[in-house]
Amino acid sequence: MIDSSKFEIIKVGLQCFQGKSLVNSISLKVGETEFKRHAKEILKYGAGVVVMAFDEQGQAATKAEKIRICQRAYDILCHPRHGVNFPPEDIIFDPNILTICTGIAEHN
Numbered sequence: 318m319i320d321s322s323k324f325e326i327i328k329v330g331l332q333c334f335q336g337k338s339l340v341n342s343i344s345l346k347v348g349e350t351e352f353k354r355h356a357k358e359i360l361k362y363g364a365g366v367v368v369m370a371f372d373e374q375g376q377a378a379t380k381a382e383k384i385r386i387c388q389r390a391y392d393i394l395c396h397p398r399h400g401v402n403f404p405p406e407d408i409i410f411d412p413n414i415l416t417i418c419t420g421i422a423e424h425n
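The sequence shown begins at 318 in my numbering and counts up one residue at a time.
Here is the structure:
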């Protein structure tokens, strides 16, 4: 697994990795254009991807937001009209399940 918050590091990892790798992670928080660019780069190396439930407005907190963001990401990755054509079997969604005791009031 290649894990970094900086896509430049992920890209170097993909270039060095032998065999099938998994990238942790990409999200729509960088915007749709960058999300697609990252996905295409990952696909070029045949890697799988973890997609976080974040978008341009931030982290999904409610069930409805998590579903909406994950469905949007799936559509962008898999629907031919978006030009990415990522294999569905190579996508793992992380809906950001929050722990019970984060200490953050809006998570209660």
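The C-beta atom is built at its ideal place from N, Cα and C for all residues, glycine as well.
Apart from the 5 residues on each side of it in sequence, I414 has no Cβ closer than 6 Å to any other Cβ in its chain.
Cα atoms of A364 and I408: separation of roughly 9 Å, rounded to the nearest angstrom. In the DSSP annotation of this structure, the continuous segment of the beta strand (DSSP E) that includes G365 starts and ends at 365-369. Taking the Cα positions, E406 is about 23 Å away from V347. With respect to the 8 Å criterion, I386 and A370 are classified as neighbours on the basis of their beta carbons. By the C-beta density criterion, D372 is buried, having at least 16 other C-beta atoms within 10 angstroms. By the Cβ rule, the region 318-326 counts as touching the region 337-355, because three or more pairs are nearer than 8 Å. When DSSP states are grouped into helix, strand and coil, I326 belongs to the helix group. About 7 Å separates the beta carbons of K353 and H399, which is inside the 8 Å limit, making them a contact pair. Within the same chain, Cβ atoms closer than 6 Å to the Cβ of K383 are found at A370, A377, P412, the five residues on either side in sequence being excluded.
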